[in-house]
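Numbered according to the working numbering, the sequence shown spans residues 89 to 874.
Notes to accompany the following structure.
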Amino acid sequence: MANPIKKWVESDKREVNRMGRIADKVEVYADEYAQLSDSALQAKTPAFKERLQHGETLDDLLPEAFATAREAAKRVLGLYPFRVQLIGGITLHEGNIAEMKTGEGKTLTATLPVYLNALSGKGVHVVTVNEYLSQRDAEEMGQLYNWLGLSVGLNLNSKDSEEKRAAYNCDITYSTNSELGFDYLRDNMVVYKDQMVQRPLNYAIVDEVDSILIDEARTPLIISGQAEQSTALYLRADRFVKSLNEVDYKIDWPTKTIGLTESGIKKGEKTFALKNLYDIDNTLLNHHIDQALRANYIMELDKDYVVNDKKIMIVDSFTGRVMEGRRFSDGLHQAIEAKEGVPIQDETKTMANITYQNFFRMYDKLSGMTGTAKTEEEEFREIYNMEVITIPTNKPIARIDYPDVLYPTLNSKFKAVIADIKERHAKGQPILVGTVAVETSEYLSQQLNKAHIPHSVLNAKNHAKEAEIISRAGQRGAVTIATNMAGRGTDIKLGPGVREIGGLCVIGTERHESRRIDNQLRGRSGRQGDPGATIFYMSLEDDLMKRFGSEKIKKVLSAFKVDDDDAVIQSHMITRQVESAQKRVEGNNYDTRKNTLQYDDVMREQREVIYKQRMQVITEEKSLKDVLMPMMQRTIKSAIDARTNGEEKDWDLDGIYDFAITVLTSPQQLKRSDLDHKIADELYQLFDQLVQENYDQKQHQLQDEQQMLEFQKVVILRVVDEHWTNHIDAMDQLRQSIGLRGYGQMNPLVEYQEEGFRMFESMVAQIEYDVTQLFMKAEIRENAQR
Numbered sequence: 089m090a091n092p093i094k095k096w097v098e099s100d101k102r103e104v105n106r107m108g109r110i111a112d113k114v115e116v117y118a119d120e121y122a123q124l125s126d127s128a129l130q131a132k133t134p135a136f137k138e139r140l141q142h143g144e145t146l147d148d149l150l151p152e153a154f155a156t157a158r159e160a161a162k163r164v165l166g167l168y169p170f171r172v173q174l175i176g177g178i179t180l181h182e183g184n185i186a187e188m189k190t191g192e193g194k195t196l197t198a199t200l201p202v203y204l205n206a207l208s209g210k211g212v213h214v215v216t217v218n219e220y221l222s223q224r225d226a227e228e229m230g231q232l233y234n235w236l237g238l239s240v241g242l243n244l245n246s247k248d249s250e251e252k253r254a255a256y257n258c259d260i261t262y263s264t265n266s267e268l269g270f271d272y273l274r275d276n277m278v279v280y281k282d283q284m285v286q287r288p289l290n291y292a293i294v295d296e297v298d299s300i301l302i303d304e305a306r307t308p309l310i311i312s313g314q315a316e317q318s319t320a321l322y323l324r325a326d327r328f329v330k331s332l333n334e335v336d337y338k339i340d341w342p343t344k345t346i347g348l349t350e351s352g353i354k355k356g357e358k359t360f361a362l363k364n365l366y367d368i369d370n371t372l373l374n375h376h377i378d379q380a381l382r383a384n385y386i387m388e389l390d391k392d393y394v395v396n397d398k399k400i401m402i403v404d405s406f407t408g409r410v411m412e413g414r415r416f417s418d419g420l421h422q423a424i425e426a427k428e429g430v431p432i433q434d435e436t437k438t439m440a441n442i443t444y445q446n447f448f449r450m451y452d453k454l455s456g457m458t459g460t461a462k463t464e465e466e467e468f469r470e471i472y473n474m475e476v477i478t479i480p481t482n483k484p485i486a487r488i489d490y491p492d493v494l495y496p497t498l499n500s501k502f503k504a505v506i507a508d509i510k511e512r513h514a515k516g517q518p519i520l521v522g523t524v525a526v527e528t529s530e531y532l533s534q535q536l537n538k539a540h541i542p543h544s545v546l547n548a549k550n551h552a553k554e555a556e557i558i559s560r561a562g563q564r565g566a567v568t569i570a571t572n573m574a575g576r577g578t579d580i581k582l583g584p585g586v587r588e589i590g591g592l593c594v595i596g597t598e599r600h601e602s603r604r605i606d607n608q609l610r611g612r613s614g615r616q617g618d619p620g621a622t623i624f625y626m627s628l629e630d631d632l633m634k635r636f637g638s639e640k641i642k643k644v645l646s647a648f649k650v651d652d653d654d655a656v657i658q659s660h661m662i663t664r665q666v667e668s669a670q671k672r673v674e675g676n677n678y679d680t681r682k683n684t685l686q687y688d689d690v691m692r693e694q695r696e697v698i699y700k701q702r703m704q705v706i707t708e709e710k711s712l713k714d715v716l717m718p719m720m721q722r723t724i725k726s727a728i729d730a731r732t733n734g735e736e737k738d739w740d741l742d743g744i745y746d747f748a749i750t751v752l753t754s755p756q757q758l759k760r761s762d763l764d765h766k767i768a769d770e771l772y773q774l775f776d777q778l779v780q781e782n783y784d785q786k787q788h789q790l791q792d793e794q795q796m797l798e799f800q801k802v803v804i805l806r807v808v809d810e811h812w813t814n815h816i817d818a819m820d821q822l823r824q825s826i827g828l829r830g831y832g833q834m835n836p837l838v839e840y841q842e843e844g845f846r847m848f849e850s851m852v853a854q855i856e857y858d859v860t861q862l863f864m865k866a867e868i869r870e871n872a873q874r
C-alpha cells in the first residue's frame with residue numbers, strides 16, 4: 089500500500105516546484121523595481137488597473153504585481169518577503185491553503201495576493217479570528233496598501249451600518265469571520281437596498297484557516313429575536329374566536345384550512361374596532377386570529393395534542409406517542425395554550441441562520457493560511473475545494489521534538505512537569521507551558537507560586553493582553569502558561585542570549601484531541617531556524633487516554649509496579665499510539681461537521697431561493713407587477729383546482745365562493761350565483777379579471793409609480809419575512825426532532841430533506857395566498873395632509 093505521507097510530500101513538492109517557477113518570474117523584476125523612485129513604484133497601481141480594464145487577467149499581472157508589493161513592503165514596512173513567501177502568496181492567489189510554520193511571516197505573505205486581487209476593485213476580505221488581530225493587521229499592513237494607492241477598511245462589531253458600508257466599500261476589508269457572517273444575514277433581512285452593507289462576496293483570505301473553517305464550523309451563526317407576540321394578543325384572539333358561531337367561519341377539512349366568512353370578518357372589525365380587518369397594518373392580528381381559529385376548531389385535544397402538567401404536548405400522528413420537547417411552530421402552540429387556559433410560553437425565534445461552511449463557500453475565491461492544516465486536508469478538499477500546500481520553511485528547522493512522556497497518574501505527571509520547569513528556569517531558558525483546559529493552567533500556576541517561580545498565565549480571555557504576554561514568552565527566564573490556542577497569530581521572538589541556552593522550550597501538559605492543536609503549540613518554538621525543544625507530558629488519567637488509550641499502552645505499563653507512582657515511559661511508540669487515538673477523535677469530529685453541513689445544505693438551497701427573490705423585490709425600481717400577478721394567479725388556480733376534481737356535480741362551488749370573498753373580493757362585488765354553470769377555465773378568467781381590475785384601481789388611486797412600487801414591496805416583504813422566519817424556526821425544530829423519530833431503517837437526513845422540501849413548498853404556497861389576500865383586501869387611503 090502506498091504511504092499517504094509520501095504521497096503528500098511528493099504532490100506538495102511538485103506544486104511547490106511549479107509555483108517556484110512563477111516565483112522566479114517575480115524575482116526577475118527585483119533589481120529593476122529597486123531602482124524605481126517612490127512615485128514610479130506607486131504609479132504601478134493605476135497602470136495595473138488599466139491593464140485589467142483592457143482584458144489582461146490577474147494571473148497575467150501576478151509577477152509584476154507581486155514584485156511591486158514586495159519592493160513597497162521593503163520601503164514602507166522594512167520587510168522584504170522571502171522566496172518561500174512568494175510561493176505562499178501564489179498558493180493563496182490560486183484559492184488554496186498555504187501551510188506555513190509559525191514565524192514564517194504569514195501576515196506579510198498575504199500582502200502579495202491581497203494587493204494583486206484588490207486591483208480588480210471587487211473587494212478583498214482578510215478574515216481573522218478576533219478583532220484585536222483585525223485591528224493590528226489593518227493598521228500595520230494598511231500602511232503598505234495606502235502607500236500603493238489602495239483603500240483599507242476595518243469592520244468591527246461596534247460599527248453602525250454606515251461605517252460598515254464604508255469599510256466594505258474599501259479595496260481591502262479586515263474583519264472577523266463572525267462579523268462577516270452576521271452582516272450577510274442582516275443584509276438579507278433589510279427592506280431597502282441602501283440599508284445593505286456588503287458587496288458581493290469576491291475573495292477572502294482566512295488567517296488561521298483551520299481555527300475558523302474547522303474548529304468553529306460546528307456552530308452555526310444564528311440571529312434570534314423575541315418571537316413577535318404578546319400574550320395579550322393570543323388571549324384576545326382566542327376570546328374573539330370562541331365568540332363566533334358556525335356561520336362566521338368556514339373549514340375546508342381536506343386541506344385542514346379555516347378562514348372567516350363575511351359575517352366573521354364583520355364581527356372581527358367590530359370586536360377590534362377596525363375599518364378593514366385585512367389592512368396591511370393588521371397582518372399580525374390576522375395571523376393570531378388564523379392560529380386561534382385553527383387551535384379552536386381544527387386541533388383536537390387528546391388527538392392532536394394532550395395537556396400534561398399545564399403544558400401542551402404534541403401527539404405524533406404516525407405513532408400516537410407524545411413528542412417530547414417539540415412545539416407547534418408559527419404561534420399555533422401558543423394559540424392552543426390560550427385555548428386550553430395553560431400558561432403561554434415565550435419563545436425566541438431563529439430569524440436567520442447559516443453555517444460557516446456555507447457562508448465561506450459563497451465567495452468566488454477562498455484561500456487560507458495557517459501553521460497546521462495538513463491533518464485536515466481531506467476536509468478542506470471535500471468541503472471547501474481547497475488544497476493544502478505545505479510551504480518549505482525559509483531556514484531548516486533546528487527544534488528538537490522529544491517523544492511523549494507517560495506517567496501512571498495526574499499527580500505524578502504534574503510533579504514531573506514542575507520539576508522540568510524548575511530545572512530549565514534555573515538555566516534561564518524561556519518556557520511556554522501549554523494546557524488544554526483553564527483549570528489546568530490555574531492549578532499549575534498555584535504549584536509554580538509554591539515553588540517561587542515567577543510566571544504569566546494566559547487563558548484566551550483578553551486578546552490584546554494575550555498578544556503582549558505571548559510576544560514576551562521568548563525572553564530569558566520567562567515562564568508562560570497558556571491554553572493551547574491563546575495568543576494565536578502573535579510571534580514569539582527570542583531575547584538576547586536565549587539561543588545559546590537552547591531557545592524556547594514548549595511543554596505540553598496533555599495531548600489535545602486534535603493533532604493540529606498540538607502541532608500549533610509545538611510550532612511556537614523554533615521559528616526561522618531558531619533552536620528550541622518541545623515535549624508532551626501525559627498520564628493514564630488524562631481525558632484522551634481514558635477515552636481512547638489503547639490496550640497496548642496499558643499492557644506495557646502493567647509491566648511496571650502498580651505502587652510505583654513515578655513510573656515513566658518515554659518512547660515513540662506512545663506518541664504513535666496517542667496519534668492514532670487522536671485520528672479517531674478527528675474522524676468523529678469531521679463526521680459531526682459534515683453532518684451539520686448536510687443538514688444546512690437543505691436550508692442553503694431554500695435560503696438561496698428566498699434571498700434571491702427578496703433581492704429581486706428590494707432592487708426593483710419600476711414595478712413588481714410581474715412578480716405579484718403570477719403569485720395571485722397561482723393562488724387562484726390552486727384554490728379552484730382543489731375544489732373542481734372529478735364530476736362537475738361534485739364540485740365545491742361554495743368553497744370556491746368562500747375563497748373568493750375571503751381572499752379576493754367582497755359579496756357586494758361577487759354573488760354566489762355568478763359561479764353557476766361555469767367550467768373551470770371560466771372561473772379562472774372571472775377571478776383573473778377581478779385581480780386585474782383591483783390592480784388597475786389601486787394603480788389609479790396611487791397614480792405615482794413609486795408609491796405603487798412601495799406598496800407592492802411592503803405587501804410582499806411583510807408576508808415573505810414573517811413566513812420565512814417561521815419556516816426557519818420550524819426547520820430548526822424538525823432537525824431536533826428528526827433523530828428522535830422511530831423511523832426504523834430510514835435515514836434521518838433523507839427524512840429531513842423530504843419533510844423540509846414539503847414544508848418549503850407549503851410555505852411558498854402560503855406566502856402566495858397571504859400576499860394575494862393582503863394585496864386584494866388592502867384599501868388605499870389618502871394620507872392626511874400634514
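Idealized CB from N, CA, C, for every residue including glycine.
Taking the alpha-carbon positions, what's the D792 to V395 distance?
Approximately 54 angstroms between the Cα atoms of the pair.
Meets three-Cβ-pair contact criterion under 8 angstroms: the segment 603–623 and the segment 529–547:
With the cut-off at 8 angstroms, the segment 603–623 and the segment 529–547 do not touch.
C-alpha gap between T145 and L289, whole angstroms:
In a straight line, the C-alpha of T145 is about 19 angstroms away from that of L289.
Flag this pair as touching only if the segment 192–205 and the segment 291–304 have three or more C-beta atom pairs under 8 angstroms; answer yes or no.
Between the segment 192–205 and the segment 291–304, the count of C-beta pairs closer than 8 angstroms reaches three or more; the two stretches touch.
Helix, strand or coil for T438? Go by DSSP, reduced to three states.
Look at T438 here: in three-state DSSP terms it is strand.
For N733, verify whether its CB is less than 7 angstroms away from any heavy atom of the ligand MG.
As far as ligands go, the structure on display features none, and thus does not contain the ligand MG.
Please name the residue, chosen from A748, R760, D631, that lies closest to Q777 on a Cα-to-Cα basis.
The candidate whose alpha carbon is nearest that of Q777 is A748.
Could I get the ranges of all uninterrupted beta strand (DSSP E) runs contained in the segment 329–357, with 3 residues as the minimum, in chain order?
Annotation: the segment 329–357 contains the following complete segments of the beta strand (DSSP E) (minimum length 3 residues), in chain order: 337–340, 345–348.
Grab me the residues of F170's own chain with a C-beta within less than 6 angstroms of its C-beta, minus the 5 sequence neighbours each way, in chain order.
So the list reads N482, once near-sequence residues are dropped.
T680: first and last residue of the uninterrupted alpha helix (DSSP H) it sits in
Run containing T680: 660–707, per the alpha helix (DSSP H) assignment.
Counterpart residues of D100 in DSSP-defined beta bridges:
Answer by DSSP bridge pairing: none, since D100 is not bridged.
Which of helix, strand or coil DSSP assigns to D492
The answer is coil: DSSP assigns D492 none of H, G, I, E or B.
Just the Cα atoms here: how many angstroms apart are I706 and H811?
Whole-angstrom Cα-Cα distance: 17 angstroms.
Can you list, in chain order, the stretches of the alpha helix (DSSP H) that have 4 or more residues and sit fully within the segment 475–543?
Given a length threshold of 4 residues, each whole run of the alpha helix (DSSP H) inside the segment 475–543 is given here in chain order: 498–515, 526–538.
Expected contact under 8 angstroms - CB spacing of S249 and Q283 to nearest Å
That belief holds up - the Cβ atoms of S249 and Q283 are roughly 7 angstroms apart, short of 8 angstroms.
Is DSSP giving E187 helix, strand or coil here?
The DSSP-derived three-state label of E187 is strand.
When the Cα atoms are used, what is the spatial distance from K671 to A539?
K671 and A539: Cα-Cα distance of roughly 37 angstroms.
Check whether the Cβ atoms of M691 and A440 sit closer than 8 angstroms, and answer yes or no.
No; because the gap between Cβ atoms is not below 8 angstroms, this pair is not in contact.
Do the CB positions of I424 and V521 come within less than 8 angstroms of each other?
No. Outside cutoff.
Give me the Cα-Cα distance between D651 and V666, rounded to the nearest whole angstrom.
In this predicted model, D651 has a pLDDT of only 48, less than 50, meaning its place in the structure is not dependable; the value taken from the coordinates is given anyway. V666 has its alpha-carbon roughly 24 angstroms from the corresponding atom of D651.
Three or more beta-carbon pairs under 8 angstroms between the segment 157–176 and the segment 222–232, yes or no?
Touching, yes.
Contact under 8 angstroms by Cβ, I580 with H543:
The answer is no: Cβ separation not under 8 angstroms.
Q173 to K194, Cα distance in whole Å?
Computed Cα separation, rounded: 8 angstroms.
Provide the residue(s) that pair with T571 in DSSP beta bridges, ordered along the chain.
Residue pairing from DSSP places T571 in a beta bridge opposite T523.
For the 8 angstroms Cβ check, are there 3 or more pairs between the segment 302–315 and the segment 838–845?
Result no; under three Cβ-Cβ pairs closer than 8 angstroms.
Between the Cα of L221 and the Cα atoms of A155, D418, E556, A131, which residue gives the shortest distance?
With distances taken between Cα atoms, L221 lies closest to E556.
Tell me whether G844 sits in a helix, a strand or coil according to DSSP, three-state version.
Three-state DSSP puts G844 in a helix.
With C-beta atoms as the reference, is A875 less than 8 angstroms away from Y117?
Here the chain comprises residues numbered 89 to 874, so residue 875 is not present and cannot be evaluated.
For F447, the three-state DSSP class (helix, strand or coil)
If DSSP states are grouped into helix, strand and coil, F447 belongs with the helices.
Starting from G591, follow the beta strand (DSSP E) in both directions and report where the run begins and ends.
From DSSP, G591 is part of no beta strand (DSSP E); its letter is neither H nor E.
Given a cut-off of 8 angstroms, decide if T458 and D298 are closer than it, judged by their beta-carbon atoms.
Contact flag set, yes.
As an exercise, report each continuous alpha helix (DSSP H) stretch of at least 4 residues that is fully enclosed by the segment 119–203, in chain order.
Runs of the alpha helix (DSSP H) lying entirely within the segment 119–203 and spanning at least 4 residues, in chain order: 126–130, 132–141, 146–164, 171–181.
Got a sec, what are the start and stop residues for the alpha helix (DSSP H) P718 sits in?
Here the alpha helix (DSSP H) through P718 covers 713–731.
State the beta-bridge partners of L454 as determined by DSSP.
Beta-bridge annotation (DSSP): L454 is paired with A292.
Distance, Cα to Cα, R560 vs M661?
If I take the Cα positions, the gap works out to 35 angstroms.
Do you know how far the Cα of I855 is from the Cα of Q787?
Approximately 22 angstroms, taken between the alpha carbons.
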